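**Student:**
Printed below as a string of structure tokens:
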């Protein structure tokens, strides 16, 4: 009798399993194959990311960004401002899988519920008192009020927010494990999209009337 472990079918099954094992790694950004790949923002070719600038054209300025040094304008309906430091404005981040934002809050300001579909986030409070929270896919709410020097992690893709709960303005820096984490801001997605999400979808979803939906949309200029 043939040993099952040496049968052609068994060996073929093992081979298939071995071939499939590396597949999950193919869905993540690959490790860089060179020291750096500064984004060539002038390239006409579009790829999933950015082409590399020729190394001979790279300078120290490509690895420098001072866009987070200035306080953002918080004169808006949310009383907050997000200054992004991703590959779109900081070409040296290309292929490195990291980025960082600055978030300024006026008193009572909020960075409204949103998600980053491509990144996990770590929040570091520089000044003030900031409530940071996220909601899981099981509708469990996790939160913490942070002060200067404290951090909170937001798992990838989950809805989260930050709110200034202190008596003065606040400042945090948020870092990501993606060069371009993306942001889907829930209230803007639902009430300020182009074209607009149909009112009957929103009234049914939130169990309110047209007047409420129209009132909310008007606040976002929709």
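Numbering (the numbering used here), first residue to last: 8 to 229. We put the beta carbon where it would ideally sit given N, CA and C, even for glycine. These numbers were taken from a predicted model, which means no experiment stands behind them.
Does the stretch 107-118 come close enough to the stretch 81-91 that 3 or more CB-CB pairs lie under 8 Å?
**Tutor:** With the cut-off at 8 Å, the stretch 81-91 and the stretch 107-118 touch.
**Student:** Can a CB atom of chain B be found closer than 9 Å to the CB of residue 98?
**Tutor:** You won't find chain B in this structure, because it holds only one protein chain.
**Student:** What is the rounded straight-line gap between the Cα of residue 196 and the Cα of residue 58?
**Tutor:** So the alpha carbons of these two residues sit roughly 30 Å apart.
**Student:** By DSSP, does residue 207 sit in helix, in strand, or in coil?
**Tutor:** If DSSP states are grouped into helix, strand and coil, residue 207 belongs with the helices.
**Student:** Residue 222 by DSSP, collapsed to three states: which one?
**Tutor:** Residue state, collapsed to three classes: helix.
**Student:** If I measure Cβ to Cβ from residue 161 and keep anything under 6 Å in the same chain, skipping five residues before and after, which residues do I get?
**Tutor:** Once the five neighbours on either side are set aside, the close Cβ partners of residue 161 are 128, 141, 167.
**Student:** Buried or exposed for residue 101, please, with buried defined as at least 16 other CB atoms from any protein chain shown within 10 angstroms of its CB.
**Tutor:** The residue in question, residue 101, is buried, as its Cβ has 16 or more Cβ neighbours within 10 Å.
**Student:** Only counting runs of 3 or more residues, tell me where the beta strand (DSSP E) segments fall wholly within the stretch 68-107, in order along the chain.
**Tutor:** You should have 87-92.
**Student:** Tell me the residue span of the beta strand (DSSP E) that contains residue 120.
**Tutor:** Unbroken beta strand (DSSP E) run through residue 120: 117-122.
**Student:** Please classify residue 212: does DSSP put it in a helix, a strand, or coil?
**Tutor:** In the structure shown, residue 212 sits in a helix (DSSP, three-state: H, G or I).
**Student:** When the Cα of residue 73 is compared with those of 216, 126, 99, which residue comes out closest?
**Tutor:** Nearest option by C-alpha distance: 99.
**Student:** Residues in its own chain within less than 7 Å of residue 165 by CB, not counting five upstream and five downstream?
**Tutor:** Closer than 7 Å at Cβ, skipping near neighbours: 122, 141, 142, 143.
**Student:** Terminal residues of the continuous beta strand (DSSP E) containing residue 55?
**Tutor:** It is not in any beta strand (DSSP E) - residue 55 carries neither H nor E in the DSSP assignment.
**Student:** Suppose the cutoff is 7 Å on Cβ atoms and the five residues either side in sequence are ignored; what does the same chain contact list for residue 155 look like?
**Tutor:** 132, 133, 134, listed in sequence order.
**Student:** In chain order, what residues of the same chain lie with their CB nearer than 6 Å to the CB of residue 227, ignoring the 5 residues before and after it?
**Tutor:** Result list for residue 227: 198, 199, in chain order.
**Student:** Identify, in the order they occur along the chain, each residue of the same chain with its Cβ nearer than 7 Å to the Cβ of residue 157, setting aside the five sequence neighbours on each side.
**Tutor:** Same-chain partners within the cutoff: 132.
**Student:** Given residue 193, which residues of its chain have a CB within under 7 Å of its CB, disregarding the five upstream and five downstream residues?
**Tutor:** Excluding positions up to five away in sequence, the list reads 119, 120, 121, 166.
**Student:** Can you give me the Cβ contacts of residue 180 inside the same chain, cut-off strictly under 8 Å, excluding the 5 residues immediately before and after it?
**Tutor:** Cβ neighbours of residue 180 beyond the five flanking positions: 75, 107, 108, 109, 110, 130, 131, 133.
**Student:** List in chain order: all unbroken beta strand (DSSP E) runs of 3+ residues lying wholly within the stretch 123-192.
**Tutor:** Listed in chain order, they are 128-134, 137-142, 148-153, 158-161, 166-171, 177-183.
**Student:** Are the Cβ atoms of residue 86 and residue 65 separated by less than 9 Å?
**Tutor:** No, the pair does not count as a contact, with Cβ atoms beyond the cut-off.
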